[in-house]
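Q:
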Amino acid sequence: MKGLPSIVPALIQNPTKFTCVKAQLRILSETSSPLSEKFASFLDNCLDIDSLKKLHACILTHGLENNVGLGSKLINSCARFNLLTESKWVFRKIICNNLSLWNSIILGYFRAAHFGEVLGLYVGLRRRKIGINGSVITFGLKSCVELGSLDFGKSLHVDAFKSGLNGDRFVGSSLIGLYHKYDDVDEAAKVFDEITARDVVVYTSMITAYAQVGDNRSCEAFRVAGYMQKEELEPNRITLVSLLQAVSVYGAIKEGKSIHGYAIRKGIGWLDEVFETSLMDMYMKCGFPGKAALSFGNISWKTIGSWNAMITGHLQLGQPLKALQLFLQMVQQNYVPDIITLANGVLSCGYIGHLSGGKSIHGYLLRNGFQLDLVATTALIDMYSKCYQLIQAKEVFDKMHRKDDVSFNVMIAGYLENGFSSQAVEEFHEMVRMDLRPNVSTILNVLSAISDLKDTRQGKCIHGHAFRHGFGENTDIANQLINMYSKCCTMNYARKVFDRIGKKDTVSWTSMITAHVNGGRADEAVILFRLMQKEKLNPDSVTLISLLQALSQLGCLSLAREVHTRIYRILLNEDKPMINCLITAYSNFGKLSIARNLFEHVAKRQLATWNSMISAYGMHGDCVQALKLFDMMKKDKIPPDGLTFTSVLSACSHSGMVNEGLCVFKSMKEEYRLTPSGEHYSCMVDLLSRAGRLEEAYELLKFLPSDQATSALGALLAACRVHGNINIGEIIGRRLLELEPQNPSAYNLVSNLLAEQEKWEEVAKLRSIAERRGLKGFAGNSMIEFGCTGLLSGS
């Protein structure tokens, strides 16, 4: 018996072990059926490995080891008990051109998850030129899905077509599954159309493929379900779960409720965790967290999967605090979180800025030996970035063994969020060097970074890169390019991008209008708005804010009032940024009473609203009202920010209230622990300069970075001329010319100061330098409203 597997020799050497089996054979010998059929009956009813081993030994002792029928049964039985070595031995012992035998061994290896062996056996089967059937093709296709072998799967598709098996429902379902895995839903649909006798499994496979495609083709799942209904086929639990996934993608809440109602009427999925979890996910993604909570409550034995669905749903709805509360509730109920739960917990901490909580979860991950996958690692990078711990975020990122486009995107966004635009661009270049393909999010982030840097050359490089990688027709990227070029002061390029957009949306027009407003071309911004109206596009709140800013620059009060009326008509009067912009606009027109009236009617004032009104008073030099509002704001427990202090200090400066300004500046550092910026120091220099306290102003200049000192230097230089302080004036004048050698205003200020002292040779020398450099002063201008025509006709 050389070569027999380990289960056989011991049994043959000890015949007493066959007592039970022999007794059964004696009973069966009274019948007229052949011995092989008797063994076959035993194999069909074999319930444990020991009995199988005894039967195998009996078959060998009776010389039936080459019987094809028994061999097929033995292979199936051995495979059922995961005895693959024995299965293989039987197959090789009686290997022949019998398709049934090949079917059995292929099925055995598939059940044991030896998918590579399945494909190897299929190749051997084809090499022997044995015919194929639906079963062989089906298990081959399923193995291809498991192994991720699309090419082999396509060759099986060809074989199925040649053998006329492409219409078989089992083969068809497996082909749909193969193409679905590789996001080729169109090819899956072709296969579906070729299947002659479709059953619930076939329909469900196609519905699942459409549901999981993740774009607007998901609605096709409902069309297929309609055909299924016409054929009077009842959907099963899996069908309904797939349809709920389609609802989640498409946001079709009406259909989702219908599916839920159908399931209740038919008693499908009740108290079933998978179905209830799908319901929760659907209601969450459609914006109904209350109904999701009801489904969650219906699950008597909650699993980590159901908890994850609820936590993820609240995160997607922008409710990180609720997500974190659920996470903590789950832990308190002694559920052991998995890597997905922990990643969601980390993300929740990041969104609410809960650094200590995020660190605790990070520590738990490390202490309990979790293998940090891409999802968990990316969540940690995001959390540390949002909590302004960029060093830790970078450490986590650098320790990643395998980086993908998502992890790079999160790191780039982290740099951007923390104000490190140069590093964001460098990380993008590193991503390209690693041959990782950027997506839309990557390009948008890096363009935003370049906008901050105002680097036209790099902007053009990224523009070219986006175009070469197929993003040339993407409207979101085109809109960001307009923003980038406008911030880089290259409006001609911004206009070219705008003109090349095939189908301009509201955001495209708004981007272009905003670019012109920020570039000081308010008149062109208004013209663009009129053209936008001709395209029958409705402006959103951002468009109207930009339009109001343009009208403020142009001094068109009547048109601004028209926009104000439109805002109330389209129910944007509760939009806080819009109200803030209106306050600013009316203050620019000198209509402080209207601005104050708007301010008083805001129910829950946010910091930006307070800043707008304080800034309005500051602009008009009404320091008393600005300080009163500042005190009211503190009483309402609204903590001021840097912009608040800039507005109050500016008001003090314009009103000459030095002591009050000094007190405010002191409170900024001591009471609110805010570090003064260059703008705050500039306000203080201006305040002290106007009051003639030039030495104190000069001392404060030392705290200003050179790139932020020019406006303060100009204010101090003008004050030196007024107060006749030539010594400080000359020092400041030289520094100003060093910092801004191309600024004609700087030459004028210094020249006027020297002229006051009758230093005509130096004046002539300075003017000569300015002329050689082609520097000319710009004439001042002002605007009045005259003959403004309506903007919003037909609105």
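Counted from 1, the sequence shown has number 735 at position 735 by the UniProt record's numbering; the numbering is strictly sequential.
Just so you know, even glycine gets a beta-carbon here, dropped at the ideal spot from N, CA and C.
1. Here's the rule: buried if 16 or more other CB atoms are within 10 angstroms of the residue's CB, otherwise exposed. What is residue 31?
2. I need the straight-line Cα distance from residue 287 to residue 313, nearest angstrom please.
3. In angstroms with no decimal places, state the Cα-to-Cα distance between residue 735 and residue 449.
4. Identify whether residue 657 lies in helix, strand or coil by the three-state DSSP scheme.
5. Less than 6 Å between C-beta atoms, sequence neighbours within five positions excluded: which residues of the same chain meet that for residue 327?
6. Just verifying my parser: in three-state terms, what is the DSSP assignment at residue 180?
7. If you drop the 5 nearest sequence neighbours on each side, which residues of the same chain put their C-beta closer than 6 Å to that of residue 391?
8. Would you call the CB atoms of residue 602 and residue 579 closer than 7 Å?
9. Under 7 Å, do residue 614 and residue 626 count as touching if we go by C-beta distance?
10. Measuring CB to CB, does residue 511 end up less than 7 Å from residue 482?
11. For a quick check, are the C-beta atoms of residue 703 and residue 681 less than 7 Å apart?
12. Whole angstroms is fine: what's the gap from residue 144's alpha carbon to residue 138's?
13. Quick check on the burial criterion: 16 or more other C-beta atoms within 10 angstroms. Buried or exposed for residue 148?
14. Report the start-end ranges of each alpha helix (DSSP H) in the segment 685–722 that is 4 residues or longer and not cut off at the edges.
15. What is the DSSP secondary structure of residue 588, counted as helix, strand or coil?
16. Apply the 10 Å Cβ neighbour rule to residue 565 and answer buried if 16 or more other Cβ atoms are within range, or exposed otherwise.
17. Going by beta carbon distance, what residues of the same chain come within less than 6 Å of residue 522, once the five residues before and after it are set aside?
18. Suppose you measure from the CA of residue 623 to the CA of residue 631; what does that come to, to the nearest Å?
19. Exposed or buried, residue 23, counting other C-beta atoms within 10 Å across all chains shown (16 or more means buried)?
20. Mark residue 172 as exposed unless 16 or more other C-beta atoms lie within 10 angstroms of its C-beta, in which case mark it buried.
21. Cβ atoms of residue 451 and residue 400: under 7 Å apart, would you say?
22. Starting from residue 237, follow the alpha helix (DSSP H) in both directions and report where the run begins and ends.
23. In angstroms, rounded to a whole number, what distance separates the CA positions of residue 739 and residue 520?
24. Within the continuous alpha helix (DSSP H) that includes residue 564, where are the two ends?
25. Once you ignore the five residues that flank residue 20 on each side, which residues in its own chain have a CB closer than 7 Å to its CB?
26. Taking 7 Å as the threshold (C-beta atoms), are residue 606 and residue 634 in contact?
27. Would you identify the three-state DSSP class for residue 594, choosing helix, strand or coil?
28. State the CB to CB distance for the pair residue 330 and residue 358, rounded to an integer number of angstroms; the pair is presumed to be in contact (CB under 8 Å).
29. Check whether the segment 555–562 touches the segment 530–542, taking contact to mean three or more Cβ pairs, one atom from each stretch, closer than 8 Å.
30. Evaluate residue 705 with the Cβ neighbour count: other Cβ atoms within 10 Å of its Cβ, from every protein chain shown; 16 or more gives buried, anything less gives exposed.
31. Please go through the same chain and pick out, in chain order, the residues whose beta-carbon is closer than 7 Å to the beta-carbon of residue 165, but skip the five residues on each side of it.
32. Near residue 423, which residues of its chain fall below 7 Å by C-beta distance, leaving aside the five closest residues on each side in sequence?
33. Measure the Cβ-Cβ separation of residue 130 and residue 118 and say whether it is below 7 Å.
34. Please report the distance separating the alpha-carbon of residue 28 from that of residue 169.
35. Does the separation of the CB atoms of residue 407 and residue 378 fall below 7 Å?
A: Inspection of the coordinates gives the following:
1. Caution is warranted here: a pLDDT of 44 is assigned to residue 31, below 50, making its placement in the model unreliable, and no coordinate value can be reported.
2. 9 Å
3. 31 Å
4. coil
5. 311, 345
6. helix
7. none
8. yes
9. yes
10. yes
11. yes
12. 10 Å
13. exposed
14. 694–700
15. helix
16. exposed
17. 550, 553, 554
18. 12 Å
19. Unreliable positioning characterises residue 23 in this predicted model, as indicated by a pLDDT of 47, which lies under 50. The coordinate reading is nonetheless provided below. By the neighbour-count rule (16 or more Cβ atoms within 10 Å), residue 23 is not buried but exposed.
20. buried
21. no
22. 237–250
23. 24 Å
24. 557–569
25. Caution applies to residue 20, whose pLDDT of 47 falls short of 50 and renders its modelled position unreliable; the model cannot decide the point.
26. no
27. helix
28. That belief does not hold up - the Cβ atoms of residue 330 and residue 358 are roughly 17 Å apart, past 8 Å.
29. no
30. exposed
31. 134, 137, 171
32. 415
33. no
34. Here residue 28 scores only 43 on pLDDT, less than 50, and its place in the model should not be relied on; the value that follows carries that caveat. C-alpha separation (whole angstroms): 40 Å.
35. yes
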